[in-house]
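Colleague: Please read through the structure below; I'll follow up with questions.
There are 2 protein chains.
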Amino acid sequence: MSQPGQFTIHATDGQARRATLVTAHGEIQTPIFMPVGTQGTVKSLTPDDLVEMNAQIILGNTYHLYLRPGDDLVARRGGLHKFANWKRPILTDSGGFQVFSLESIRKITELGVEFRSYIDGSKHFFSPEKVIDIQKNLGSDIMMVLDECVGFGQDRTYTERSLEMTTRWARRCRDHYPKGSGDQLMFGIVQGGFHKDLRERSLEQLREIDFEGFAIGGLSVGESTEVMYDILHHIAPLLPSEKPRYLMGVGTPLDILEGVSAGVDMFDCVLPSRNARNGTLFTSRGKINIKRAEFAEDDSPLDPECNCYTCRNFTKAYLRHLYQAKELLSYRLNTYHNLHFYLQLMQQIRDAIEAGTFSALKAKYEAAYCGE
Amino acid sequence: MSQPGQFTIHATDGQARRATLVTAHGEIQTPIFMPVGTQGTVKSLTPDDLVEMNAQIILGNTYHLYLRPGDDLVARRGGLHKFANWKRPILTDSGGFQVFSLESIRKITELGVEFRSYIDGSKHFFSPEKVIDIQKNLGSDIMMVLDECVGFGQDRTYTERSLEMTTRWARRCRDHYPKGSGDQLMFGIVQGGFHKDLRERSLEQLREIDFEGFAIGGLSVGESTEVMYDILHHIAPLLPSEKPRYLMGVGTPLDILEGVSAGVDMFDCVLPSRNARNGTLFTSRGKINIKRAEFAEDDSPLDPECNCYTCRNFTKAYLRHLYQAKELLSYRLNTYHNLHFYLQLMQQIRDAIEAGTFSALKAKYEAAYCGE
């Protein structure tokens, strides 16, 4: 029997890896994209929709679920899987990113971080131990440690002190849920901002703690694509090759292809679902904005190469009408298409790695998405 | 071969009738409820959802579709069925009700009604001929004549003058699209406010014009249930028994049962879908509001007697969370349930009429919905 955490690499193509990760709710085939289900729902979609488009794992946000409906309430319902009727794996973040990125008043100390609820302004405290307890209540398959996500432009001194604290927090998380104490996996998060030596130091320290996977945090926080790719290509290949690698909160189709080329296995991002709600849709020929007048009488599908429910059933003219009329079905059909596009991209990536044609696939998308 | 307009009564139970109406896009089994798809979409649902819950016919709003995306544009797409990818019958209203009920500046003359767009304030004119041309462009299976819907509280003189004009408008509609000139059916609309003799006069005048069906307009416009039922029971049985009878814009489950008991065959209302978005849900045991705190930890389905997608998959606790979090999935799952409830009610009504048990069914719902 395969154990949660087991990670098997089937093929490589350059740094790119084609692997399987075992979790308590089943295997996931990597490289993989995880649709974001912030509040226990991938916005506008049902679990059946997600299974239909072959979403293998979704992400839940600890910060949001802790505040509403509350992780205790979710635990009494039997955990997030049962509450949301999602039978496949779930990864939960630690809530750190939301706490640090929201404008709410917050105070960071060695003990943890104090913040105010975005819902009612009430005061709350996240310690490393607390966010693990919350994630235990949620019952996710993969838990993330509490980290401080340092924004772009922070100075070296702050970044250095921060990564050292992130390491201490990571150790406290692991100590609070030692390896083998349950079916939930725990990933560490490499920080260190945009200093390669600090990134390496963060990684060295985290490697001494026994995590089931490693994530790269603190990218896509305001830096240029060039700077992000530089750090990505430096640090990703240094992550333990025998464990899953997760690039947090990234990104565009090209970012994902770049991440895979650097050896990353897992991705999540709100981009496809958020863009969908704004009318920006991903196609095999690049992005389009459905609100443009040129689509008013366009009777072709969004993407002739796509076989998703939206593309099989509706024209651009109808989708533009729904968008202009602010109809609920617009959000739904657009979200379905964009997530299907991302998941199809991941399937193409997995196939290409197995076939040894990953570079050609990457070049094809770079041509379609050039200048974006 | 059965022709559009053919109406066959299979069974009666008191005044209640169980019948089949043939349209250009297939047969509908009556009594029937028509979900409202104002802007070419039943809010939040796909055509597949509607087929799955056995919606036999949906309603489109001429006023909204004329303004956006425009009936000419829809005609160039091959009509509303093709534009919205809905293959079953569609009924379109005449736009009159929207023009009269919206606050926009409007001017009624014998020629028609001038009004301003709710979208951009632009000036428009609906004549009886114009609304038929629009409905021809939309390609609906059942067109409605332009009528003036008189609000509750209008005096007898106004109401009398108005119904006479409505008759003249009805004749102009029929003259503009004579019987047999196409596959689209045309229904006349009985007005006359809350005066039984005026209702009778309206009906007598309309009977002289050869319509494929007759509707009762001008009810549920602010009057009490008692007053509405009084007019309903007076006029519905007087409508030609060999043609379909349609009670416009009504209503609650009890209103529909009352309408059926008076001999009505067809209904439409925004109530189930609008209530769904407000968290008010219909069940076999009465209405519930999902936002109530008592449901926060309720792990049972909305309605134990319901087998809809929502009830088969989700608990009240989860539905309450989605509602509280204003999630798009809340609108969708709630709308699915409420429309499924209405369509199931109609199936029960059809079965009961065939079995001669309609009164018992009506009594059962009156007990569950008493005091509402």
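Protein chains in written order, with our numbering: chain F, 1 to 372; chain B, 1001 to 1372. Ideal Cβ positions, reconstructed from N, Cα and C, are used throughout, including at glycine.
1) Would the beta-carbon of I1235 of chain B fall within 8 Å of that of R1199 of chain B?
2) So within the segment 1162-1195 of chain B, which uninterrupted alpha helix (DSSP H) runs reach at least 4 residues, ignoring any that extend past its ends?
3) Could you tell me whether the segment 257-267 of chain F touches the segment 228-245 of chain F, where touching means 3 or more Cβ pairs closer than 8 Å?
4) Do the segment 332-340 of chain F and the segment 50-61 of chain F meet, that is, are 3 or more Cβ pairs less than 8 Å apart?
5) Distance, Cα to Cα, I32 of chain F vs D351 of chain F?
6) Quick check on H25 of chain F: does DSSP put it in helix, strand or coil?
7) Between the segment 1046-1059 of chain B and chain F, which residues of the former have a C-beta closer than 9 Å to a C-beta of the latter?
8) Could you pull the DSSP bridge partners for N275 of chain F from this structure?
9) Mind checking whether E129 of chain F and H64 of chain F have CB atoms under 8 Å apart?
10) Please list, in chain order, all residues of the same chain as G944 of chain B whose beta carbon is under 6 Å from its beta carbon, the five residues on each side excluded.
11) Chain B partners of D299 of chain F, CB-CB under 8 Å?
12) Do D141 of chain F and H10 of chain F count as a contact pair if the criterion is CB distance below 8 Å?
13) If you check the beta carbons only, do I1189 of chain B and V1145 of chain B fall under 8 Å apart?
14) How about L138 of chain F and G60 of chain F: are their beta carbons less than 8 Å apart?
15) Please name the residue in F:V99, F:M143, F:D133 whose C-alpha comes closest to that of K123 of chain F.
16) Who pairs with T1283 of chain B in a beta bridge, going by DSSP?
17) Which residues in chain B have a C-beta closer than 8 Å to the C-beta of K43 of chain F? List them in chain order.
18) Do L329 of chain F and S1330 of chain B have their CB atoms nearer than 8 Å?
19) With the cut-off set at 8 Å, would you say I231 of chain F and F194 of chain F are in Cβ contact?
20) When the Cα atoms are used, what is the spatial distance from C1308 of chain B to G40 of chain F?
21) Please compile the residues from chain F whose C-beta is within a distance smaller than 8 Å of the C-beta of Q1135 of chain B.
22) Any contact between the segment 74-90 of chain F and the segment 1356-1370 of chain B? By contact I mean 3 or more CB pairs, one from each, below 8 Å.
23) Report the residue from B:S1002, B:T1012, B:Q1003, B:F1007 whose alpha carbon sits nearest the alpha carbon of A1355 of chain B.
24) Just to make sure I have the definition right: I need the residues of chain F whose C-beta is within less than 7 Å of the C-beta of Q1191 of chain B. Which are they?
25) Count the CB pairs spanning the segment 211-225 of chain F and the segment 242-260 of chain F that are closer than 8 Å, and state whether there are at least three.
26) Between the alpha carbons of G1213 of chain B and R1168 of chain B, how many angstroms are there, rounded?
27) Counting only beta-carbon separations shorter than 8 Å, does N85 of chain F have a partner in chain B?
28) Return the residues of the segment 1303-1316 of chain B that lie within a Cβ-Cβ distance of less than 7 Å from chain F, sorted by chain order.
29) Determine the contact status of Y66 of chain F and F1083 of chain B, defining contact as a CB-CB distance below 8 Å.
30) Where does C1149 of chain B land, buried or exposed, given buried means 16+ other C-beta within 10 angstroms?
31) By the 10 Å Cβ neighbour count, where 16 or more other Cβ atoms means buried, how is K1107 of chain B classified, buried or exposed?
32) For I1119 of chain B, which residues in the same chain have their Cβ closer than 8 Å to its Cβ, ignoring the five residues on either side in sequence?
33) What ranges does the alpha helix (DSSP H) occupy inside the segment 189-258 of chain F, keeping only unbroken runs of at least 4 residues that lie completely in it?
34) How close, in whole Å, do the beta carbons of D1183 of chain B and P1004 of chain B come, if the pair is a contact with beta carbons under 8 Å?
35) Determine, using beta carbons only, whether E258 of chain F and S284 of chain F come nearer to each other than 8 Å.
36) Are the beta-carbon atoms of L345 of chain F and P253 of chain F separated by less than 8 Å?
Modeller: The structure says:
1) Taking the first residue of the second sequence as 1, we reach residue 1235 of chain B at position 235. Taking the first residue of the second sequence as 1, we reach residue 1199 of chain B at position 199. Yes, these two residues count as a Cβ contact at 8 Å.
2) none
3) yes
4) yes
5) The residue you call residue 32 of chain F lines up with position 32 of the first sequence. The residue you call residue 351 of chain F lines up with position 351 of the first sequence. Cα-Cα distance, rounded: 12 Å.
6) By one-based count along the first sequence, residue 25 of chain F stands at place 25. Residue state, collapsed to three classes: coil.
7) T1046, P1047, D1048
8) Within the first sequence, the letter at position 275 stands for residue 275 of chain F. Bridge partners of N275 of chain F: none, in fact.
9) Translated into positions along the first sequence, residue 129 of chain F becomes position 129. Translated into positions along the first sequence, residue 64 of chain F becomes position 64. Not a contact, by the Cβ cut-off of 8 Å.
10) Examination of residue 944 of chain B is not possible in this model, given that chain B is present from 1001 through 1372 alone.
11) Counting from one through the first sequence, the residue named residue 299 of chain F turns up at place 299. Correct list: R1077.
12) Within the first sequence, residue 10 of chain F is the residue found at index 10, counting from 1. Within the first sequence, residue 141 of chain F is the residue found at index 141, counting from 1. Their beta carbons are not under 8 Å apart, which means H10 of chain F does not touch D141 of chain F by this criterion.
13) Translated into positions along the second sequence, residue 1189 of chain B becomes position 189. Translated into positions along the second sequence, residue 1145 of chain B becomes position 145. Yes. Within cutoff.
14) Against the first sequence, residue 138 of chain F aligns to sequence position 138. Against the first sequence, residue 60 of chain F aligns to sequence position 60. Yes, the Cβ-Cβ distance between L138 of chain F and G60 of chain F is below 8 Å.
15) Reading the first sequence from its first residue, position 123 is the one you call residue 123 of chain F. It is F:V99 whose Cα lies nearest to the Cα of K123 of chain F.
16) Working through the second sequence from its first residue, we reach residue 1283 of chain B at position 283. DSSP output for T1283 of chain B lists B:G1286 as bridge partner(s).
17) Taking the first sequence and counting its residues from 1, one reaches residue 43 of chain F at position 43. Within chain B, the residues near K43 of chain F are E1327, L1328, L1329.
18) Position 329 of the first sequence, counting from 1, holds the residue named residue 329 of chain F. Position 330 of the second sequence, counting from 1, holds the residue named residue 1330 of chain B. No, Cβ-Cβ distance for L329 of chain F and S1330 of chain B is not below 8 Å.
19) Locating residue 231 of chain F in the first sequence gives position 231, where the first residue counts as 1. Locating residue 194 of chain F in the first sequence gives position 194, where the first residue counts as 1. Result yes, Cβ atoms of I231 of chain F and F194 of chain F sit closer than 8 Å.
20) Sequence index remark: in the second sequence, residue 1308 of chain B carries index 308 (1-based). Sequence index remark: in the first sequence, residue 40 of chain F carries index 40 (1-based). Cα-Cα distance, rounded: 21 Å.
21) Here the question's residue 1135 of chain B lines up with position 135 in the second sequence. Here the premise fails: no neighbours, minimum Cβ distance about 18 Å.
22) no
23) In the second sequence, counting from the first residue as 1, residue 1355 of chain B sits at position 355. Taking only the C-alpha atoms, the option nearest A1355 of chain B is B:T1012.
24) Locating residue 1191 of chain B in the second sequence gives position 191, counting from the first residue. Here the premise fails: no neighbours, minimum Cβ distance about 30 Å.
25) yes
26) Reading the second sequence from its first residue, position 213 is the one you call residue 1213 of chain B. Reading the second sequence from its first residue, position 168 is the one you call residue 1168 of chain B. The straight-line gap from Cα to Cα measures roughly 17 Å.
27) For the purposes of this step, residue 85 of chain F is taken as the residue at position 85 of the first sequence. Yes - at least one Cβ of chain B is within 8 Å of the one on N85 of chain F.
28) N1313, F1314
29) Locating residue 66 of chain F in the first sequence gives position 66, where the first residue counts as 1. Locating residue 1083 of chain B in the second sequence gives position 83, where the first residue counts as 1. Cβ atoms of Y66 of chain F and F1083 of chain B: not closer than 8 Å.
30) In the second sequence, counting from the first residue as 1, residue 1149 of chain B sits at position 149. So C1149 of chain B counts as buried.
31) Position 107 of the second sequence, counting from 1, holds the residue named residue 1107 of chain B. Under this definition K1107 of chain B is an exposed residue.
32) If you number the second sequence from 1, residue 1119 of chain B lands on position 119. These residues qualify, in order along the chain: L1067, R1068.
33) 196-207, 225-235
34) Working through the second sequence from its first residue, we reach residue 1183 of chain B at position 183. Working through the second sequence from its first residue, we reach residue 1004 of chain B at position 4. About 5 Å; that satisfies the 8 Å criterion.
35) In the first sequence, the residue the question calls residue 258 of chain F occupies position 258. In the first sequence, the residue the question calls residue 284 of chain F occupies position 284. It is not a contact, given that the beta carbons lie outside the stated cut-off.
36) Working through the first sequence from its first residue, we reach residue 345 of chain F at position 345. Working through the first sequence from its first residue, we reach residue 253 of chain F at position 253. Yes, the Cβ-Cβ distance between L345 of chain F and P253 of chain F is below 8 Å.
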